[in-house]
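See structure below.
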Amino acid sequence: MSNADRHGVPWLTESSPQAWDAYASAGGPDYLVADCGSPQSHERRLRAVLRLPIEDGDTILELGCGTGRLADLVPPGVHYEGLDWSAKVITLARQRRPRGAGRRGGAADITPHDWIVASGPFNYAKGWSKSQTAEAVSAMWAASKRGIALTALRAPADGRLHYSGAELVCLLPGGDWSHAELDQSYLPNDVCLRAWRAP
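Position 137 of the sequence shown, counted from 1, bears residue number 1469 in this note's numbering, the numbering being contiguous throughout.
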C-alpha cells in the first residue's frame, strides 16, 4: 500500500515507546494510529483475536492495545483492559474509550486475565526482535487463565518481521494447552494463533 492510500501517513519504521509516541501525536483514525492499512484490515485483525471460546464474565487483556478499538468489539459482559508502552497512545485510548480501561506498560507488566491477546505488535524489525516476541508470548501464556491469541505478519515486508505458522506454534510453552489453531483466512499476509487450555 502506498503512503497516499494511508492519507499521507508513512508506515511506522521503528517500534519503541518513543516512536509510537511520535506516531500517535498527530492523532488520526484508530487504524492509522495502529499502523494498519485500512479500517477494514484493522477490524479483521482485531476480530481474529476474538475468535476464542470467550464467556460472559471473562476478562481480556490486550497487549499493544493502541487506541483500544478492540474494546468496542468484545462481547457484552466481558471486561476489557488495554496495555500499551506508549504514553501518547494510552492518552488517545482513554480519550476515545473512557469506559475502557487502559494503562501504560509492556510485556513485563502483563497481569492475570482469562484471555490475553495481541494484534500486531510483534511485526517490527527495528526496535523489536523475535526473541522478544518469544518472551512476550511466554508472559502472555503464563498470565492467562484460559488462553491467548495473537496476530503477526506471515509474508515478508520491508522493515517488518514475519513468522511462519510453525514458528508461532513453537512459541507456545509445551504441555498445558489443549487447543491451538492457526487462522490465515482474515487477511492475505497475516496469521492468527489462538490457543487455550481445556476448561
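Using N, Cα and C, we set each Cβ at its ideal position, and we do this for glycine too.
Can you give me the C-alpha to C-alpha distance between residue i and residue j, rounded to a whole angstrom?
i	j	result
A1356	P1453	15 Å
R1492	I1386	31 Å
A1440	L1503	17 Å
L1405	G1507	31 Å
L1378	T1465	18 Å
T1483	G1400	16 Å
L1344	A1354	10 Å
G1398	A1419	10 Å
G1389	A1498	32 Å
W1460	H1494	12 Å
Quick check on the burial criterion: 16 or more other C-beta atoms within 10 angstroms. Buried or exposed for residue i?
i	result
H1511	exposed
D1367	buried
A1468	buried
R1486	buried
A1530	exposed
G1359	exposed
S1347	buried
So for residue i, helix, strand or coil by DSSP?
i	result
L1504	coil
D1473	First, the amino acid is wrong: residue 1473 is Trp here, not Asp. In this structure, W1473 counts as helix in the three-state DSSP scheme.
T1465	helix
A1487	coil
A1351	helix
G1497	helix
A1481	strand
S1512	Residue identity differs from the one stated: residue 1512 is Ala in this sequence, not Ser. A1512: strand per DSSP, three-state reduction.
L1530	Note that residue 1530 is Ala in the sequence shown, not Leu. Here A1530 sits in coil by DSSP.
Assuming residue i contacts residue j under a Cβ cut-off of 8 Å, what Cβ separation, rounded to an integer in Å, is found between them?
i	j	result
W1417	P1349	5 Å
W1352	V1410	Not confirmed; about 26 Å, so no contact.
H1445	S1470	Not really, about 16 Å apart at Cβ, beyond 8 Å.
**OP:** Please go through the stretch 1354 to 1436 and give each complete beta strand (DSSP E) segment of 3 or more residues, from N-terminal end onward.
**Re:** 1391 to 1395, 1411 to 1416, 1433 to 1436
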